[in-house]
Amino acid sequence: MKSYRLGYRKGISSIVGIAALILIFIAIVAFLLTLLYRLADFTQSISKILEERAESESITRAVHGTWSYRDSSLTISITSQYPQAVLITGITIVFTDGTKLTLSKYNTTLDKLYATITKPNNKQTTTNLQLPIALGPGHTVEIQIPDNYVRNKKILTVTITLANPSTLVALPISQA
0 MKSYRLGYRK GISSIVGIAA LILIFIAIVA FLLTLLYRLA DFTQSISKIL EERAESESIT
60 RAVHGTWSYR DSSLTISITS QYPQAVLITG ITIVFTDGTK LTLSKYNTTL DKLYATITKP
120 NNKQTTTNLQ LPIALGPGHT VEIQIPDNYV RNKKILTVTI TLANPSTLVA LPISQA
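Position one of the sequence shown corresponds to residue 0 (numbering that gives the first Met the number 0), numbered consecutively onward.
Right, dumping it as structure tokens:
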């Protein structure tokens, strides 16, 4: 009878040992699956960030702008060769004395500002400046800012802000 109980105890301990090993194996598999899911999410996030950066770089290469101060007005000319439309959402003019002029859809105190849009077929449209302005492929936008906004100040830099559905780009433009 004692040998029967001894075998019975060995059988129970074997079953408990196997159950413990199965639980440990399940825990390891669950941990590895969780780790793989997190790694996949991280990879997707990095991929999205890299796509946005690549798109930002291609926009900065395809959109060019110049500014000039002549005839008592500041003229800003922006041309796009980007294959999709981008929006001009803001313009910032920084003066040498540290002051700045910001044009955006929220700056409603500025009036008598005009934008001339030239399409690839050289058709021109002149309207009051209302940002954002859609800048299509091959289009040129010329913005006239009269002297009463610039007040004969020396301009340090002019920057435009461009947006499309996936990215926002600040683009400094050069003096003509």
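We treat Cβ as the ideally placed atom computed from N, Cα and C, and that holds for glycine. The structure displayed is predicted, hence computed values, not measured ones.
Residue 81 counts as buried, since no fewer than 16 other beta carbons sit within 10 angstroms of its beta carbon.
Leaving aside the five residues that flank residue 93 on each side, the residues in its chain whose CB is nearer than 6 Å to its CB run, in chain order, 99, 155, 156. Here DSSP, grouped into helix, strand and coil, assigns residue 169 to strand. As for any beta strand (DSSP E) of minimum length 3 sitting wholly inside the stretch 20–56, there is none. With distances taken between CA atoms, residue 114 lies nearest to 75 out of 152, 122, 75. Annotation for residue 158: 91, 169, 171 place their beta carbon closer than 6 Å to its own, counting only its chain and skipping 5 residues before and after. Rounded to the nearest whole angstrom, the CA to CA distance from residue 50 to residue 10 is 60 Å. Residue 113: member of the beta strand (DSSP E) spanning 113–117, first to last residue. CA-CA distance, residue 71 to residue 43, rounds to 51 Å. For residue 150, the three-state secondary structure derived from DSSP is coil. Membership of residue 106 in any beta strand (DSSP E) is not indicated, and neither H nor E is assigned to it by DSSP.
Taking every protein chain shown into account, the CB of residue 15 has fewer than 16 other CB atoms within 10 angstroms, so this residue is exposed.
Nearest Cα to residue 119 within the set 17, 57, 79: 79. When the Cα atoms are used, residue 164 and residue 24 turn out to be separated by approximately 46 Å. Judged by DSSP in its simplified three-state form, residue 95 adopts coil rather than helix or strand. Secondary structure at residue 133: strand, using DSSP grouped into helix, strand and coil.
Residue pairing from DSSP places residue 174 in a beta bridge opposite 66.
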